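There are 2 protein chains.
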Amino acid sequence: MIAEIIAIGSELLTPFRQDTNSLFLTEKLNELGIEVVHKSVVGDDRAELASVARIALNRTDIVIFMGGLGPTEDDLTRESVAEAMRLPLRRDPDIVAGLYARFAARRIKMTENNSKQADVIAGAAVMPNNNGSAPGQWLEGSYEGKKKVVILLPGPPVELKPMFMEQAYERLRAIAPPAFIATRVLKVALMPESECDSRCAPIYKEHNGVQTTILAGPGDIQLHLKARADTLEEAQELVDVLAEELEDELDERVYSTGGESLEQIVGYYLQMRGATLAVAESCTGGLLAERITSVAGSSRYFLGGAVVYSNELKTAMADVPPLMIAEHGAVSKEVAIALAEGIRKKCKADIGVGVTGIAGPSGGTAEKPVGLMYIAVADGKKTDVIDRKVPGSRDRVRFYATQQALDMVRLKLV
Amino acid sequence: MIAEIIAIGSELLTPFRQDTNSLFLTEKLNELGIEVVHKSVVGDDRAELASVARIALNRTDIVIFMGGLGPTEDDLTRESVAEAMRLPLRRDPDIVAGLYARFAARRIKMTENNSKQADVIAGAAVMPNNNGSAPGQWLEGSYEGKKKVVILLPGPPVELKPMFMEQAYERLRAIAPPAFIATRVLKVALMPESECDSRCAPIYKEHNGVQTTILAGPGDIQLHLKARADTLEEAQELVDVLAEELEDELDERVYSTGGESLEQIVGYYLQMRGATLAVAESCTGGLLAERITSVAGSSRYFLGGAVVYSNELKTAMADVPPLMIAEHGAVSKEVAIALAEGIRKKCKADIGVGVTGIAGPSGGTAEKPVGLMYIAVADGKKTDVIDRKVPGSRDRVRFYATQQALDMVRLKLV
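Which chain is which? The protein sequence lines are U and A, in order.
Mapping the first sequence onto the numbering used here, position 94 (from 1) lands on 94, and the numbers just tick up by one.
Mapping the second sequence onto the numbering used here, position 165 (from 1) lands on 165, and the numbers just tick up by one.
As structure tokens, then:
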């Protein structure tokens with residue numbers, strides 16, 4: 001079965017706002033073996049909306065409308081879909097009563113325009129909204145003699161997601177042909193996309209039954225694997241065998257096989273080893289600490305650290321000798337090592353990280369260009385240090401440096 | 001004139017990838033007075049693509065296709081658009097020669113499939129690609145007897161954006177009816193959306209000629225104003241008058257009127273006053289320093305700071321007395337003040353910031369719930385401190401706290 005997702009709202013046709021619900025819905029539909037073949041965005045215009053609805057009903061089995069279910073005159077989804085399907089709207093007295101009760105509970109008088117939220121397309125089942133006022137609708141109907149499923153969902157993600165999962169997902173599963181789909185995600189740190197692709201491509205080719213997608217970011221690659229089979233066990237077997245072969249090939253470059261982020265994985269390892277972490281960062285300016293502390297519960301292993309932008313602070317916070325900075329420069333292997341070792345001692349941590357570099361866009365020289373970075377990790381026994389030179393914007397250079405630092409901590413702990 | 005933007009690529013119908021080019025294109029089209037009335041996403045399927053092209057040509061004046069211009073068998077935009085318009089494709093020998101030269105310069109043999117990038121729709125002008133191999137195309141043609149503009153652009157943003165600006169923007173301006181559009185953005189910190197709306201709505205109503213859009217994030221509101229008139233001066237006058245009235249109403253809550261971010265504004269004020277800044281952050285875990293240092297050139301006024309997750313580090317890095325923590329708790333007004341004053345002295349900065357709070361999702365108590373935060377700003381004369389309790393996720397709480405801290409620094413300097 002194939003589906004189309006239609007996002008409704010003139011604000012989605014401005015430079016400022018974008019539909020993101022469709023990514024969530026696509027993931028859930030794919031789980032059920034339903035492919036999304038079209039996505040459309042249309043404004044709050046009844047004729048356009050009815051036309052888009054007819055086009056979608058013509059070309060797909062399942063049409064999901066998001067938004068336009070509120071009380072204002074711009075909310076036209078109910079009317080337009082009913083018109084496209086040539087079905088009447090009926091005002092549901094139970095929904096009207098519920099709306100009055102909802103307003104009364106808040107001691108607000110309900111304005112009359114709210115009642116239109118109780119208009120239901122003939123034959124549709126109402127999906128109550130536990131997180132807002134506009135209910136959704138589920139309709140199994142026909143269009144041009146063919147069976148169609150039409151779903152109306154509210155636009156706000158906090159309303160749409162629970163309504164879809166609680167009231168539409170199992171209904172779709174009952175209708176869609178049984179589909180057994182298994183997925184896996186391998187995450188790979190610090191490998192160029194072309195190298196990853198050339199090492200993995202020969203392996204993919206021997207596993208035609210598995211669909212693979214590579215997503216690449218700065219210092220980070222995700223390999224998404226998906227297989228479909230006659231049973232869930234068979235589908236799982238297909239992705240697992242491929243995942244295992246890819247892991248063998250990429251070896252320790254694979255940091256996660258269950259969807260976890262690199263900062264989560266570093267947190268797992270630190271907790272497993274009962275170790276604590278502290279960081280001293282210059283060019284990344286707090287981004288490394290921010291990524292580490294974005295993980296809930298990180299206070300169990302992360303003590304803290306210093307953002308040492310000025311040379312004086314490198315000395316005051318991480319005991320980097322001023323003479324070393326004068327001799328080698330703030331962006332140097334020596335200073336990275338001193339930062340890692342200094343912050344480790346200062347914070348009484350098991351592992352210390354030092355990051356120094358030139359994030360750009362200015363501040364580079366011929367000898368020390370923008371994108372140059374030194375990163376060191378100390379554990380009291382041995383201090384690892386590497387230098388890298390990466391291209392790109394300030395954001396990209398900074399993110400890459402934190403990726404490199406996190407991965408070095410991971411490799412210390414594996 | 002009205003436009004449709006079509007994003008092409010099966011990866012855009014997965015849960016992993018999303019078109020973002022259309023936001024950029026919408027902004028630029030709106031500048032020319034062209035409204036975007038439809039956006040569509042379609043996979044790499046020739047029949048579907050030709051069908052989507054026909055639908056778009058039927059309902060809009062300008063159709064922009066993005067992606068599907070590469071050398072692989074999945075790249076079908078040229079063929080499908082030509083088919084929809086009933087025009088032949090012609091292979092352009094100059095483009096073929098250019099492709100050979102491009103590969104030769106890299107000492108790589110060109111594979112035959114690359115030649116299809118030289119196929120041009122009859123009547124189209126070629127738009128050379130200075131950042132990739134696939135050229136774009138510009139076609140003024142007709143469909144069902146009506147004049148249409150068709151633009152083919154490559155999918156990668158680094159190729160699409162310069163090609164559009166250098167080779168399509170002025171051509172569109174020459175075709176579109178003269179439009180004089182002026183815009184302004186007011187940014188407002190730390191005001192609830194409902195309060196902002198109720199204070200601004202009466203003012204909007206007296207300025208019907210200006211279109212307003214409110215975008216709200218945690219602790220941040222953007223008011224986008226747009227006006228259209230017979231001359232640019234008139235349009236500018238319309239938005240400027242409204243902007244001024246809104247500024248009068250919202251007063252010092254407005255931090256920026258030229259599109260700058262709060263961290264940029266704080267940087268401007270610090271430079272203007274010749275002042276330096278240091279921060280000591282607990283619950284925000286580096287996010288405050290990260291936001292400040294995301295601004296290029298921030299090393300001129302930001303000295304650095306400390307991420308003090310553990311109580312020991314609050315003492316070691318910012319001289320918070322251990323007895324104070326024992327008596328009032330790490331999340332307290334007293335500790336926020338001590339962090340701000342301590343880090344200011346430690347770093348010899350003009351201004352010191354202290355942030356402590358409970359970001360969640362766990363760690364809250366009845367007395368000190370998740371979302372509680374204390375933020376202090378010290379300048380050596382007076383230390384301001386506030387407490388807030390905000391709802392929402394860990395990310396939201398952390399972002400709000402940094403927003404609050406940056407705005408307090410701004411108000412110290414205004």
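Quick reminder that beta carbons are idealized off the backbone N, C-alpha and C, glycines included.
All values reported here derive from a predicted model rather than from experimental measurement.
1. Using beta carbons (cut-off 7 Å, strictly below), is L426 of chain A in contact with chain U?
2. What's the call for E159 of chain U, buried or exposed, on a 16-neighbour Cβ count within 10 Å?
3. How is the alpha helix (DSSP H) around K348 of chain U delimited, first residue to last?
4. With C-beta atoms as the reference, is A243 of chain U less than 7 Å away from F180 of chain U?
5. Under 7 Å Cβ to Cβ from V52 of chain U, same chain only, skipping five residues before and after it: list those, please.
6. For chain A, find out if any of its Cβ atoms is closer than 7 Å to the Cβ of E334 of chain U; answer yes or no.
7. Taking any Cβ of chain A, which residues in the region 82 to 109 of chain U have a Cβ under 7 Å from it, in chain order?
8. For the alpha helix (DSSP H) containing H328 of chain A, list its first residue and its last residue.
9. Would you give the residue range spanned by the beta strand (DSSP E) that G98 of chain U belongs to?
10. Report the start-end ranges of each alpha helix (DSSP H) in the region 118 to 191 of chain U that is 4 residues or longer and not cut off at the edges.
11. Would you mind sorting V108 of chain U into buried or exposed? The rule is 16 or more other CB atoms within 10 Å of its CB.
12. Show which residues of chain U have a CB atom less than 7 Å away from the CB atom of G33 of chain A.
13. Looking at C-beta atoms only, is the number of pairs between the region 294 to 304 of chain U and the region 370 to 380 of chain U that lie closer than 8 Å three or more?
14. How is A338 of chain U classed by DSSP in three states: helix, strand or coil?
15. Cβ closer than 7 Å: which chain A residues qualify as neighbours of V42 of chain U?
16. For E27 of chain A, which residues in chain U fall below 7 Å Cβ to Cβ?
17. Using 8 Å for Cβ pairs, my map puts L139 of chain U next to A124 of chain U. What's the rounded Cβ distance?
18. Throw me the rounded Cβ distance for the G129 of chain U and M163 of chain U pair, which I believe falls under 8 Å.
19. Check distances from the C-beta atoms of the region 216 to 233 of chain U to those of chain A and list, in chain order, the residues that come in under 7 Å.
20. Quick check on C347 of chain A - is its C-beta less than 7 Å from some C-beta in chain U?
21. State whether the region 269 to 278 of chain A contacts the region 255 to 270 of chain U, with contact taken as three or more CB pairs (one from each stretch) at a distance under 8 Å.
22. What are the residues of the region 355 to 370 of chain A that lie near chain U, defined by any Cβ-Cβ distance shorter than 9 Å?
23. What do you reckon, are the CB atoms on G285 of chain A and V308 of chain A nearer than 7 Å?
24. Whose Cβ in chain U lies nearer than 7 Å to the Cβ of Y268 of chain A?
25. Have a look at U:L57, U:A82 and U:I62 and flag the residue whose alpha-carbon is nearest the alpha-carbon of R46 of chain U.
26. What residue range does the beta strand (DSSP E) around T213 of chain A cover?
27. Just the C-alpha distance for G364 of chain A and C283 of chain U, rounded to the nearest angstrom, thanks.
28. Pair every Cβ in the region 386 to 393 of chain A with every Cβ in the region 366 to 375 of chain A, then say whether three or more of these pairs are closer than 8 Å.
29. How about S133 of chain A: is its C-beta nearer than 7 Å to some C-beta of chain U?
30. Taking the runs of the alpha helix (DSSP H) that are 4 residues or longer, which of them lie wholly in the region 18 to 48 of chain A?
31. Residues in its own chain within less than 7 Å of E31 of chain U by CB, not counting five upstream and five downstream?
32. Report yes or no: do the region 143 to 156 of chain U and the region 65 to 74 of chain U share at least 3 C-beta pairs separated by less than 8 Å?
33. Using only the alpha-carbon positions, how far apart do A168 of chain A and S142 of chain A sit?
34. Over the uninterrupted beta strand (DSSP E) stretch that includes R300 of chain A, give me the two end residues.
35. Going by beta carbon distance, what residues of the same chain come within less than 7 Å of A401 of chain A, once the five residues before and after it are set aside?
36. In terms of alpha-carbon separation, which member of U:P15, U:Q18, U:D240 and U:K28 lies closest to T14 of chain A?
Working from what's here:
1. Residue 426 of chain A falls outside the range modelled here, since chain A spans only 1 to 414, and no answer is possible.
2. As a first step, residue 159 of chain U is located in the first sequence; it is residue number 159 there, counting from the start. Answer is buried; the Cβ neighbour count reaches 16.
3. On the first sequence, position 348 is the one that residue 348 of chain U refers to. Counting along the chain, K348 of chain U falls outside any alpha helix (DSSP H), and DSSP gives it neither H nor E.
4. The residue given as residue 243 of chain U occupies position 243 in the first sequence. The residue given as residue 180 of chain U occupies position 180 in the first sequence. Against a cut-off of 7 Å, the Cβ pair of F180 of chain U and A243 of chain U comes out as no contact.
5. Your numbering for residue 52 of chain U matches position 52 in the first sequence. Excluding positions up to five away in sequence, the list reads I6, S40 and V42.
6. Your numbering for residue 334 of chain U matches position 334 in the first sequence. Output row for E334 of chain U: interface = no.
7. none
8. For the purposes of this step, residue 328 of chain A is taken as residue 328 along the second sequence, with counting starting at 1. P322 to H328 is the extent of the alpha helix (DSSP H) around H328 of chain A.
9. As a first step, residue 98 of chain U must be located in the first sequence, where it is residue number 98. It is not in any beta strand (DSSP E) - G98 of chain U instead sits in the alpha helix (DSSP H) that spans P93 to A105.
10. 157 to 167 and 169 to 175
11. Here residue 108 of chain U is taken as the residue at index 108 of the first sequence, counted from 1. In the sequence as presented, Val is not what sits at residue 108 of chain U; that position holds Ile. Counting Cβ neighbours within 10 Å, I108 of chain U comes out exposed, since fewer than 16 surround it.
12. Translated into positions along the second sequence, residue 33 of chain A becomes position 33. Under the 7 Å cutoff, chain U gives no residues; its nearest Cβ is about 14 Å from G33 of chain A.
13. no
14. If you number the first sequence from 1, residue 338 of chain U lands on position 338. DSSP places A338 of chain U in helix when its eight states are reduced to three.
15. Start at 1 with the first residue of the first sequence, and residue 42 of chain U comes out as number 42. Here the neighbours are H38.
16. In the second sequence, the residue the question calls residue 27 of chain A occupies position 27. By Cβ distance, chain U contributes P15.
17. Position 139 of the first sequence, counted from the first residue, corresponds to residue 139 of chain U. Position 124 of the first sequence, counted from the first residue, corresponds to residue 124 of chain U. That belief holds up - the Cβ atoms of L139 of chain U and A124 of chain U are roughly 4 Å apart, short of 8 Å.
18. Locating residue 129 of chain U in the first sequence gives position 129, where the first residue counts as 1. Locating residue 163 of chain U in the first sequence gives position 163, where the first residue counts as 1. The sequence given here places Asn at residue 129 of chain U; Gly does not occur at that position. Confirmed, about 6 Å.
19. H224
20. Position 347 of the second sequence holds residue 347 of chain A. C347 of chain A counts as touching chain U.
21. no
22. A359, G360, P361, S362 and G363
23. As a position in the second sequence, residue 285 of chain A is number 285, starting the count at 1. As a position in the second sequence, residue 308 of chain A is number 308, starting the count at 1. No.
24. By one-based count along the second sequence, residue 268 of chain A stands at place 268. Result: empty, since nearest Cβ-Cβ is about 17 Å, beyond 7 Å.
25. Locating residue 46 of chain U in the first sequence gives position 46, counting from the first residue. The shortest C-alpha separation from R46 of chain U is found at U:A82.
26. As a working mapping, residue 213 of chain A is identified with position 213 in the second sequence. V210 to G217 is the extent of the beta strand (DSSP E) around T213 of chain A.
27. The residue you call residue 364 of chain A lines up with position 364 of the second sequence. The residue you call residue 283 of chain U lines up with position 283 of the first sequence. C-alpha separation (whole angstroms): 33 Å.
28. yes
29. Working through the second sequence from its first residue, we reach residue 133 of chain A at position 133. Chain U contact via Cβ: absent.
30. 21 to 31
31. Your numbering for residue 31 of chain U matches position 31 in the first sequence. I181.
32. yes
33. To locate residue 168 of chain A, count along the second sequence from 1; it is residue 168. To locate residue 142 of chain A, count along the second sequence from 1; it is residue 142. So the two alpha carbons sit approximately 18 Å from each other.
34. To locate residue 300 of chain A, count along the second sequence from 1; it is residue 300. That residue, R300 of chain A, is in no beta strand (DSSP E); it is neither H nor E in DSSP.
35. Walking along the second sequence from the start, residue 401 of chain A turns up at place 401. Hits under 7 Å: C283, T284, V355, G357, M373 and I375.
36. Counted from its first residue, the second sequence places residue 14 of chain A at position 14. Residue U:K28 is the option with its Cα nearest to T14 of chain A.
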